[in-house]
Amino acid sequence: MTSHTFFFNGPYDETMALLIEARNYIAYHDAAEHRKLPPQVRLQISYESMRVTSRLTQVMAWLLAQKAVHAGEMSKEQAASEDFALSGGEICSDPSGPDNEDLPSGLRSLLERSHSLYMRVHRLDAMVRADVEREAAAAVG
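Set out below in structure tokens:
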């Protein structure tokens, strides 16, 4: 149990740090500088900021469900249900953005790190789901 908790604490701490960094970036970025940018670039900045937020909120929701399992508040089967699935796959798994030189470097960094985190948690989700399916099959057979 402890090793499983440790397994999720790293991504949880990383997600929390990225959420705070993203919030600070969005709240305090230099709006005056962005107003000088072409409308298409400003739109891309808004879109990519939302992509970062989507990734991080999806990851945090999934990690909180896993913490609930390890705290005994929810079964593994409940946490593996579609209600708690890591979602947003098409938008969140898209790696584009960090290579767009029109975007501010701070946003490109957030895009790259949030994508890496999302994909790692996506793999964890697949592992957890496979484990639950394996346990269910063993219980039946």
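First residue of the sequence shown: 5, per this note's numbering; consecutive thereafter.
Using N, Cα and C, we set each Cβ at its ideal position, and we do this for glycine too.
Alpha-carbon spacing of residue i relative to residue j, whole angstroms
| i | j | result |
| --- | --- | --- |
| residue 102 | residue 66 | 24 Å |
| residue 145 | residue 59 | 38 Å |
| residue 53 | residue 142 | 44 Å |
| residue 48 | residue 134 | 37 Å |
| residue 42 | residue 112 | 18 Å |
Residue i vs residue j beta-carbon contact at 8 Å
| i | j | result |
| --- | --- | --- |
| residue 125 | residue 63 | yes |
| residue 84 | residue 45 | no |
| residue 114 | residue 16 | no |
| residue 117 | residue 22 | yes |
Heavy atom of the ligand ADP within 7 Å of residue i beta-carbon
| i | result |
| --- | --- |
| residue 83 | Ligands are entirely absent from the displayed structure, and the ligand ADP is therefore not among its contents. |
Residue-chain proximity (residue i, chain C), Cβ-Cβ < 8 Å
| i | result |
| --- | --- |
| residue 118 | The chain inventory of the structure shown lacks chain C, comprising one protein chain alone. |
Outcome for residue i when other beta-carbon atoms lying within 10 angstroms are tallied against a minimum of 16
| i | result |
| --- | --- |
| residue 119 | buried |
| residue 77 | exposed |
| residue 122 | buried |
| residue 69 | buried |
| residue 94 | exposed |
| residue 81 | exposed |
Which listed residue (the options) has its alpha carbon closest to that of residue i
| i | options | result |
| --- | --- | --- |
| residue 129 | 15, 90, 142 and 25 | 90 |
| residue 32 | 131, 110 and 93 | 110 |
| residue 13 | 71, 38 and 61 | 71 |
| residue 88 | 24, 20, 61 and 138 | 61 |
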